[in-house]
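Reviewing the structure listed below.
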Amino acid sequence: AFMLGYIYGDIEQKPSGKKLQLYSGKQITSFDFSGCTERSKKIELPVTVHTENAEENGDVVYIISYMRTEDSRILQKVESFLEKESIAYSKVYLVQKEAEIYKPSDLLDIAESISDHIFQEAKISGRTIHLFMRTTAPLAFLLGGKSDLWGHIQLYDFSQSRDSYATSLKKI
Numbered sequence: 104a105f106m107l108g109y110i111y112g113d114i115e116q117k118p119s120g121k122k123l124q125l126y127s128g129k130q131i132t133s134f135d136f137s138g139c140t141e142r143s144k145k146i147e148l149p150v151t152v153h154t155e156n157a158e159e160n161g162d163v164v165y166i167i168s169y170m171r172t173e174d175s176r177i178l179q180k181v182e183s184f185l186e187k188e189s190i191a192y193s194k195v196y197l198v199q200k201e202a203e204i205y206k207p208s209d210l211l212d213i214a215e216s217i218s219d220h221i222f223q224e225a226k227i228s229g230r231t232i233h234l235f236m237r238t239t240a241p242l243a244f245l246l247g248g249k250s251d252l253w254g255h256i257q258l259y260d261f262s263q264s265r266d267s268y269a270t271s272l273k274k275i
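Heads up, the sequence shown is in the numbering used here, so the first residue is 104 and it goes up one at a time.
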């Protein structure tokens with residue numbers, strides 16, 4: 104969903120009058136943006152910063168987790184993966200909230216706020232944003248549409264069978 108958003112989901116162009124329908128596993132999530140005419144609101148993100156085992160000049164890691172149920176081990180899983188792959192990082196931002204998003208305007212507000220936060224870190228030249236996402240397909244789609252402003256991105260997918268992450272796609 105993230106890469107589809109990168110290709111087709113420019114959220115700078117309001118998707119008003121459009122219906123977004125994405126499939127995630129066996130679930131179909133539909134969002135009707137026809138009523139979204141006002142500008143996105145800046146919202147307070149549930150962000151925690153982790154710098155343990157961090158290196159001063161490393162990359163930046165974002166863990167985006169907006170789901171019905173919180174994964175209490177997500178930070179541990181990502182840090183284990185980073186150590187195994189010898190990825191140097193300066194900060195890990197965990198954006199995690201137990202939530203179900205039903206209103207398209209709320210979805211746009213969340214996507215815009217997350218994107219603004221990532222953009223502030225991406226402004227530092229030479230950094231790669233390592234993105235670990237555990238979220239709904241519509242939010243991943245909208246974040247992908249905003250990602251052209253973030254610079255170098257490395258995306259990771261979670262493998263249920265291995266209970267770990269794997270390198271997915273890289274955008275330079």
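For glycine and all other residues, C-beta sits at the position ideal for the given N, C-alpha and C.
- [ ] Figure out for me which residue from 164, 145 and 202 has the closest Cα to the Cα of residue 173.
- [x] Closest in alpha carbon position to residue 173, among 164, 145 and 202, is 202.
Open item on the list: Rounded to whole angstroms, what is the Cα-Cα separation between residue 237 and residue 226?
Closed with: Straight through space, the alpha carbons of residue 226 and residue 237 are spaced by roughly 24 Å.
Task: Buried or exposed (CB count within 10 angstroms, at least 16 for buried), residue 119 - done: Confidence in residue 119 is poor, its pLDDT being 48 and thus under 50, which makes the residue's placement unreliable; the coordinate value appears in the next sentence. Exposed: under 16 other Cβ atoms inside 10 Å.
Open item on the list: If I follow the unbroken beta strand (DSSP E) through residue 166, where does it start and stop?
Closed with: Unbroken beta strand (DSSP E) run through residue 166: 162-170.
TODO: Compare the C-alpha of residue 177 against each of 193, 197, 160 and 189 and name the closest.
DONE: When only C-alpha atoms are compared, the closest one is 197.
Open item on the list: Closer than 8 Å to a non-hydrogen atom of the ligand NAD - does that hold for the CB of residue 190?
Closed with: Judged by which ligands are present, the structure shown has none, so any question about the ligand NAD falls away.
Task: Residues bridged to residue 70 [DSSP beta-bridge criterion] - done: A question about residue 70 goes unanswered here, because the residues of the chain that appear run from 104 up to 275.
Open item on the list: Report the CB separation of residue 146 from residue 213 in whole angstroms; it is logged as a contact under 8 Å.
Closed with: Their Cβ separation, rounded to whole angstroms, is 7 Å, which keeps residue 146 and residue 213 in contact under 8 Å.
Task: Span separating the alpha-carbon of residue 194 from that of residue 245 - done: Each residue's alpha carbon lies about 24 Å from the other.
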